[in-house]
Amino acid sequence: MKLITDNKEYADEYLKSTTNPESFWAEQANDFVWRKKWAAVLQWDFNTPEVKWFLGGKLNITENCIDRHLPTRANQTAILWESNDPVETSKKITYQQLYEQVCKVGNMLKANGVKKGDRVCIYMPMIPETAYAILGCARIGAVHSVVFAGFSSGSVADRINDSGCKVLLTSDGAFRGDKSINLKSIVDEALLKSPSVEKCIVVERTKVAINMQTGRDAWWHTEMQNAPTVCEAEEMDAEDLLFILYTSGSTGKPKGMVHTCGGYMVYVGYTFKTVFQYKEGQLYWCTADVGWVTGHSYILYGPLLNGGTSLMFEGVPSWPDMGRFWQVIEKHKVNIFYTAPTAIRSLEKAPISFVEKYNLSSLQVLGTVGEPINEEAWQWYNKNIGKHNCPIVDTWWQTETGGIMISPIAGITKTKPSFATLPLPGVQPAVMGENGKEMEGNNIEGRLTIKFPWPSMARTIYGDHQRFKETYFSTFPGKYFTGDGCKRDEDGYYRITGRVDDIIIVSGHNMGTAEVESAIDEHSAVCESAVVGYPHDIKGQGIYAFVVTYEPVHEETHLRNEIKEVVSKIIGPIAKPDKIQFVSGLPKTRSGKIMRRILRKIAEGDTTNLGDITTLLDPTVVDEIKSGAL
Ligand code: WT7
């Protein structure tokens with residue numbers, strides 16, 4: 045694959061990709077190994093909606109991630125693993141070793157009854173076995189469904205049940221900073237509610253005492269011991285499922301986004317190389333967790349498809365101290381560093397000596413992902429980490445898009461703080477106005493849609509195609525609606541302004557307010573609640589809950605803590621409200637709809653511009669809520 049080398053080439057490529065998308069993507073796809081070439085590049089209809097790429101093509105993504113590199117890179121590090129604990133030795137996993145481990149997992153899964161098309165849930169920390177697990181599934185055509193190891197037992201059970209996973213891969217525990225989390229006990233609880241799981245295979249990581257249920261549970265090391273190191277890759281159709289990954293919905297339960305083999309491979313391979321301008325021999329580090337799409341696409345698949353070396357980090361930015369990221373960069377001489385604005389903002393608050401202690405001169409490219417980056421954080425990153433010498437790629441994309449959609453190309457696109465800048469080749473955004481029509485020209489603001497398919501887009505919501513259609517293709521018929529608002533400035537640059545639906549982005553994590561509300565409502569003292577986002581210094585957005593109780597509250601702090609605990613138990617610690625305000629009623633319209641617009645304003649600290657409140661059933665609640673605002 046040739047790299048784009050200047051802005052003119054970008055413009056040419058972009059034009060080619062829009063005037064003849066099929067030949068553009070066929071050209072990119074030709075950089076990969078196919079068992080059988082596709083018969084047609086694209087078939088699509090955004091009304092049904094149905095999207096298929098590389099129809100009839102046969103491949104296995106692990107042959108592209110691993111096997112094809114073996115003749116030239118067998119001894120090159122594929123994954124460089126850095127432990128949570130700086131004292132523990134790092135591990136270099138070569139392409140040859142990765143091949144053997146992935147094959148062993150493939151064989152182990154087969155020995156445990158897993159066949160092509162079966163779903164396997166992976167609930168594991170950031171350890172090398174997790175990479176083997178994910179790729180091992182792909183090796184044999186099993187569909188991986190990774191669940192972030194910070195989710196509660198209830199969330200794990202819901203996700204397992206929604207996709208009917210047959211096997212669950214987990215570990216005894218997880219290290220995160222100074223904490224050790226007992227994952228297996230969470231799994232034990234989840235499995236009480238998940239009858240589809242026949243086998244649970246457990247990696248030993250923290251050596252904490254755990255319960256093993258005879259017949260159901262087995263140790264990873266025992267199961268792997270005699271598994272052969274060669275496992276023929278399953279031949280997959282381009283449109284066979286590669287994975288399911290759950291993301292929050294603005295209403296109801298999480299959505300299992302379905303990604304397929306061929307298009308995902310081509311797009312993620314192409315965008316990794318293009319956006320980061322990845323070059324032979326560079327060390328790349330993405331700090332995300334593999335439980336999120338960023339980890340799937342840009343810790344594992346993207347770098348491996350390009351024969352790269354990807355650093356996988358088990359720990360957290362703040363332990364043993366706030367210099368951990370910078371220490372790892374110095375230790376391993378990281379060249380490309382990709383992280384979230386929330387991490388930047390929290391590290392920015394620490395004394396600058398934590399940064400200055402380390403030599404960061406290996407860095408060449410910086411990236412951000414997950415939420416809008418404010419200008420101040422961008423400038424701090426640019427000055428203190430990049431030393432004004434590293435292009436910053438602010439990459440906009442989603443679980444649903446599979447790969448990066450709008451982003452600068454490192455070192456080529458002129459950057460502008462807080463702008464994701466320009467669409468990548470193959471991406472056709474359209475900004476929609478209040479009237480539901482596409483807005484033309486520049487200096488506009490509206491809702492961001494994509495009007496033409498790209499290879500890695502989600503094909504459906506697992507088990508609920510109707511919801512897929514309603515969520516993404518009904519607001520603006522014939523277009524994919526992202527749920528984000530955006531501006532397009534005089535240079536045609538995009539600035540993502542944030543969600544326009546009831547999803548909030550907390551520390552880069554996508555959270556449905558409805559899901560948090562229903563968790564809060566589980567507390568026996570709670571009658572009803574409304575959750576909105578508010579600007580938070582570090583997290584980007586914080587969670588603000590307005591809670592109505594059955595009885596007057598006497599011990600507010602105590603009840604707040606109890607509610608947080610309930611939410612943490614039901615969804616996970618990441619969903620704990622930052623602020624809980626007890627109110628006697630919620631502002632509702634006569635038809636009973638909560639006017640979140642008003643609550644959002646109050647949560648933001650703006651109590652003067654509440655707009656028209658005359659349609660409220662009881663406008664007096666607004667004064668009460670205003671005066672009690674936290
Ligand atoms: C939502 C998707 C992309 C992987 C991680 C998040 C927000 C993402 C940016 C960015 C502004 C961003 C959007 C999007 N978002 N990247 N560079 N600038 N906003 O994936 O959990 O599916 O969340 O994250 O609001 O819709 P996700």
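Going by the working numbering, the sequence shown opens with residue 45, and the numbers climb by one from there. In this text, a Cβ means the ideal position worked out from N, Cα and C, and glycines have one as well.
Note to self: Let me check understanding here. Comparing Cα to Cα, which of V475, N270 and K317 lies closest to L327?
What the structure shows: It is K317 whose Cα lies nearest to the Cα of L327.
Check: Is the segment 333 to 341 touching the segment 440 to 457 in the sense that three or more CB pairs, one from each, lie closer than 8 angstroms?
Finding: Result yes; three or more Cβ-Cβ pairs closer than 8 angstroms.
Check: Does the distance from the C-beta atom of L404 to that of I380 stay below 8 angstroms?
Finding: Not a contact, by the Cβ cut-off of 8 angstroms.
Margin query: Please return the same chain residues whose Cβ sits closer than 8 angstroms to the Cβ of Q423, not counting the five positions on each side in sequence.
Written below: Taking C-beta separations shorter than 8 angstroms and ignoring five residues to either side along the sequence, the partners of Q423 in its chain run P461, following chain order.
Note to self: Using only CA atoms, which one of A574, G536 and C275 lies nearest to T593?
What the structure shows: The shortest CA-to-CA distance from T593 to any of A574, G536 and C275 is the one to A574.
Notebook entry, point to check: From what residue to what residue does the alpha helix (DSSP H) around W370 run?
Noted result: Segment R368 to H376, the alpha helix (DSSP H) holding W370.
Margin query: Under 8 angstroms, with one C-beta from each stretch per pair, do the segment 183 to 196 and the segment 609 to 619 reach the 3-pair mark?
Written below: Segments in contact, yes.
Margin query: Report the CB separation of V319 from P499 in whole angstroms; it is logged as a contact under 8 angstroms.
Written below: Going by Cβ atoms, the distance from V319 to P499 rounds to 15 angstroms, so no, they are not a contact pair.
Next item on the list: Taking all protein chains shown into account, decide if D662 is buried (16 or more other Cβ within 10 angstroms of its Cβ) or exposed.
Entry: When all chains shown are included, D662 counts as exposed.
Next item on the list: Would you mind stating whether I494 and Y537 have Cβ atoms separated by less than 8 angstroms?
Entry: In this structure, I494 sits away from Y537, with a CB-CB distance that is not shorter than 8 angstroms.
Notebook entry, point to check: My guess is that T106 and A182 are in contact by the Cβ rule of under 8 angstroms, so how many angstroms apart are they, rounded?
Noted result: Beta-carbon to beta-carbon, T106 and A182 are separated by about 5 angstroms, close enough to satisfy the 8 angstroms threshold.
Check: What is the rounded straight-line gap between the Cα of I166 and the Cα of D650?
Finding: Going from the Cα of I166 to the Cα of D650 covers about 43 angstroms.
Checklist line | Bounding residues of the beta strand (DSSP E) (the contiguous stretch that carries M301) | finding: Residues K299 to T304.
Note to self: Going by DSSP, what residue range makes up the alpha helix (DSSP H) through K148?
What the structure shows: Per DSSP, K148 belongs to the alpha helix (DSSP H) from Y139 to A155.
Margin query: Three Cβ pairs or more, each shorter than 8 angstroms: is that satisfied between the segment 347 to 367 and the segment 281 to 300?
Written below: In short, these stretches do not touch, since the Cβ pair count stays below three.
Next item on the list: Let me know the secondary structure DSSP gives L468 once reduced to three states.
Entry: Coil.
Next item on the list: Tell me whether N554 counts as near the ligand NAP, meaning its Cβ is closer than 7 angstroms to at least one heavy atom of that ligand.
Entry: Only the ligand WT7 can be found as ligands here, which leaves the ligand NAP out of the picture.
Check: When the distance is taken between beta carbons, is L410 closer than 8 angstroms to I436?
Finding: Yes, they are a contact pair.
Next item on the list: Name, in chain order, the residues that DSSP records as bridge partners for P115.
Entry: Partner(s): none; P115 has no beta bridge.
Check: Based on the DSSP secondary-structure assignment, which residues constitute the bridge partners of V158?
Finding: Paired residues: none, contrary to the question.
Check: Distance, Cα to Cα, L236 vs V211?
Finding: Spanning the two alpha carbons is a distance of roughly 14 angstroms.
Notebook entry, point to check: In three-state terms, what does DSSP make of W424?
Noted result: In this structure, W424 counts as helix in the three-state DSSP scheme.
Notebook entry, point to check: Since G522 and G542 are thought to touch, with beta carbons under 8 angstroms apart, how far apart are those beta carbons, to the nearest angstrom?
Noted result: Contact flag wrong, Cβ pair sits at about 24 angstroms.
Notebook entry, point to check: Can you name, in chain order, every residue of its own chain whose Cβ lies under 6 angstroms from the Cβ of S329, other than the five neighbours on each side?
Noted result: Just to set this straight, residue 329 is Trp in the shown sequence, not Ser. If we look at W329 and ignore the five residues flanking it on each side, its Cβ neighbours are L355, V378 and F381.
Checklist line | Coarse secondary structure for Q585, derived from DSSP in three states | finding: DSSP places Q585 in strand when its eight states are reduced to three.
Item checked: Endpoints, the alpha helix (DSSP H) within which S605 is located -> The sequence given here has Asn at residue 605, not Ser. Its alpha helix (DSSP H) spans residues E600 to I614.
Next item on the list: List the residues that DSSP assigns as beta-bridge partners of R491.
Entry: DSSP, once it has assigned bridges, lists M476 and G529 as partnering R491.
Check: Sorry if obvious, but does the Cβ on P416 come closer than 7 angstroms to a heavy atom of the ligand WT7?
Finding: The nearest non-hydrogen atom of the ligand WT7 is less than 7 angstroms from the C-beta of P416.
Notebook entry, point to check: Mind checking F104: buried by the 16 CB within 10 Å criterion, or exposed?
Noted result: Residue identity check: residue 104 is Asn in the sequence provided, not Phe. Around the beta carbon of N104, 16 or more other beta carbons lie within 10 angstroms, which makes this residue buried.
Checklist line | Selected residue, minimal CA-CA separation from T412, among A332, F369, G470 and E392 | finding: Nearest of A332, F369, G470 and E392 to T412, Cα basis: A332.
Item checked: Local conformation of E482 per DSSP, three classes -> If DSSP states are grouped into helix, strand and coil, E482 belongs with the strands.
Next item on the list: With a threshold of 16 other CB atoms inside 10 Å of the CB of H376, please say whether the residue is buried or exposed.
Entry: Buried, since its Cβ has 16 or more Cβ neighbours within 10 Å.
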